[in-house]
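Since the structure comes first, as structure tokens, the remarks are kept for the end.
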Amino acid sequence: MGFSVSASTAIIFISFLMAAATLYDAWDNSYSNVQAAREDWYELRLSRLSTSVGLNEGGLAYVVNQPSGVYNVTFYIQNFGNTLYIPHWSGIYDGDYVTLYDTTDDTVGWVSDYTYLLPGEVAEITITDIPLNGTQHTLKLVFGNGCWLMLSWHDNGTDVLLDSESSGCPMGVS
Amino acid sequence: MAAGGPASELIMFIVAVIIAGSVAGGLAYVTSDIAHGMNDRGTMLAERLRTDFVIINDPSNIPVTGNTYTFYVKNIGKEPIPFTADAVQVFIDGELVPPANLTFTDISGNPITTLYPYDVGQIIVARETALSSGTHKIVITLENGKRRSMVFEIYS
Chain A
7 MGFSVSASTA IIFISFLMAA ATLYDAWDNS YSNVQAARED WYELRLSRLS
57 TSVGLNEGGL AYVVNQPSGV YNVTFYIQNF GNTLYIPHWS GIYDGDYVTL
107 YDTTDDTVGW VSDYTYLLPG EVAEITITDI PLNGTQHTLK LVFGNGCWLM
157 LSWHDNGTDV LLDSESSGCP MGVS
Chain B
7 MAAGGPASEL IMFIVAVIIA GSVAGGLAYV TSDIAHGMND RGTMLAERLR
57 TDFVIINDPS NIPVTGNTYT FYVKNIGKEP IPFTADAVQV FIDGELVPPA
107 NLTFTDISGN PITTLYPYDV GQIIVARETA LSSGTHKIVI TLENGKRRSM
157 VFEIYS
């Protein structure tokens, strides 16, 4: 009788130990997984807080080609915040998506093959073959973290005039 | 003739071990179930934290062709986003757009089912009637409940 009780107690005790070990292992995995994801979440929000991009003092440069009735404009985009990775940027020009690699596939592109835009550095983006008819145009640059810079301009026949420059970041996703 | 002392001890021992084994087996089953639940919940929570996206359209210039409107979605999270009519719900001015009226493509117009981090995809919304001129609101909700909205302007 005494041996039976001891054996069954031992079996139940060992099973409790194994259950506790299994639960601890599962909790530890979940905790590490969620903690790593939370760090990514904080990193994204921190990167948004430290993102500040705008036109530098030069602002824009333009070339008006009067006989063809078109003009090209180049914007000097300066990074006033933390480092940004330019290949992750996307562009919307006059409402339509455009690639930013260069101007061979569309009329919007970087002047050189940029990768990282370090604090204080300037990247030049150019838009070509814009009809010279006084229409307002808009370029929206969206960075890898969701923040954006939007520029609007128009021509008056001889000069290119910047109408507005705005920037922002997405609110917290719900 | 009744069983002797050693035989009854043996029977008692076997019964006790069977009962203890059953309890241990039940405990192992329940524990394993809870552990799987904890892992699933952790994975789901982590996936939700790593998922983020943004509607990148110029709010004052939405591409329109007839009654078809194009919205650009950029994945700014670290997880691929399921990008199909079954996984993404679109509401315009509070009304659910039927999945049959949604087309999910990459920026070149090729159908896709997943939007990878930093990629941009298009949601093409076909409506029976054109949106009236003025301000409208689009809400895009993902499979895991994450949603983004944008107020945009339609000009006649």
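Quick note, the sequences are listed as chains A and B, same order. Residues 7 to 180, numbered by this note's numbering, are exactly what the first sequence covers, in order. Residues 7 to 162, numbered by this note's numbering, are exactly what the second sequence covers, in order. Note that beta-carbon positions come from the ideal geometry of N, C-alpha and C, so glycine has one too. Keep in mind the model is a prediction, meaning the values are calculated, not measured.
What is the rounded straight-line gap between the Cα of residue i and the Cα of residue j?
| i | j | result |
| --- | --- | --- |
| PHE22/A | LEU33/B | 8 Å |
| GLN84/A | ASP165/A | 22 Å |
| ILE144/B | THR80/A | 33 Å |
| HIS143/A | TYR99/A | 8 Å |
| VAL103/B | SER155/B | 14 Å |
| LEU55/B | GLY163/A | 50 Å |
| SER14/B | ASP34/A | 46 Å |
| ILE129/B | THR111/B | 7 Å |
| HIS42/B | ASP31/A | 11 Å |
| GLU85/B | PRO123/B | 6 Å |
| TYR68/A | ARG133/B | 41 Å |
| GLU130/A | GLY150/A | 18 Å |
| MET7/B | THR28/A | The predicted position of MET7/B is uncertain, since its pLDDT is 46 and thus under 50; a value taken from the coordinates is nonetheless stated next. Roughly 48 Å separates the two Cα atoms. |
| ILE160/B | VAL117/A | 33 Å |
| GLY115/A | THR132/A | 6 Å |
| PRO12/B | GLY27/B | 22 Å |
| GLY75/A | GLU171/A | 25 Å |
| LEU147/A | GLY97/A | 5 Å |
| HIS160/A | TRP47/A | 39 Å |
| TRP95/A | LEU52/A | 18 Å |
| GLY65/A | LEU167/A | 10 Å |
| ASP92/B | PRO137/A | 42 Å |
| ASN139/A | PRO69/B | 21 Å |
| SER56/A | ILE62/B | 20 Å |
| SER138/B | TYR37/A | 49 Å |
| PRO176/A | ILE20/A | 53 Å |
| ALA43/A | LEU124/A | 26 Å |
| GLY101/A | ILE40/B | 50 Å |
| THR134/A | TYR122/A | 24 Å |
Just grab the DSSP bridge partners of residue i for me.
| i | result |
| --- | --- |
| PHE158/B | HIS142/B |
| THR109/B | ILE130/B |
| GLU85/B | BP columns for GLU85/B are empty, so no partner. |
| ALA129/A | ILE83/A |
| LEU168/A | TRP159/A |
| HIS143/A | TRP159/A |
| ILE61/B | VAL79/B |
| THR147/B | GLN95/B, ARG153/B |
| LEU137/B | Beta-bridge pairing links LEU137/B to no other residue. |
| TYR35/B | DSSP output for TYR35/B lists no bridge partner at all. |
| SER96/A | VAL148/A |
| ILE136/A | TYR77/A |
Mind checking whether residue i and residue j have CB atoms under 8 Å apart?
| i | j | result |
| --- | --- | --- |
| SER10/A | MET50/B | no |
| VAL79/B | LEU108/B | no |
| THR3/B | ASN81/B | The requested residue 3/B is not part of the displayed model; chain B covers only 7 to 162. |
| TYR77/A | VAL128/A | no |
| TYR103/A | VAL126/B | yes |
| SER14/A | ILE25/B | yes |
| THR37/B | ALA25/A | yes |
My assumption, with CB atoms under 8 Å, is that residue i sits in contact with residue j. Please give the rounded CB distance.
| i | j | result |
| --- | --- | --- |
| GLU149/B | PRO65/B | Not confirmed; about 25 Å, so no contact. |
| ALA30/B | ILE92/A | Incorrect: roughly 60 Å between the Cβ atoms, too far for contact. |
| VAL59/A | SER173/A | 6 Å |
| ALA52/B | ASN88/A | With 8 Å as the limit, ALA52/B and ASN88/A do not qualify as a contact, their Cβ atoms being about 25 Å apart. |
| THR119/B | THR90/B | 5 Å |
Exercise for review: Let me know the alpha helix (DSSP H) ranges lying completely inside the segment 13-81 of chain A, each 4 residues or longer, listed in chain order.
Suggested key: none
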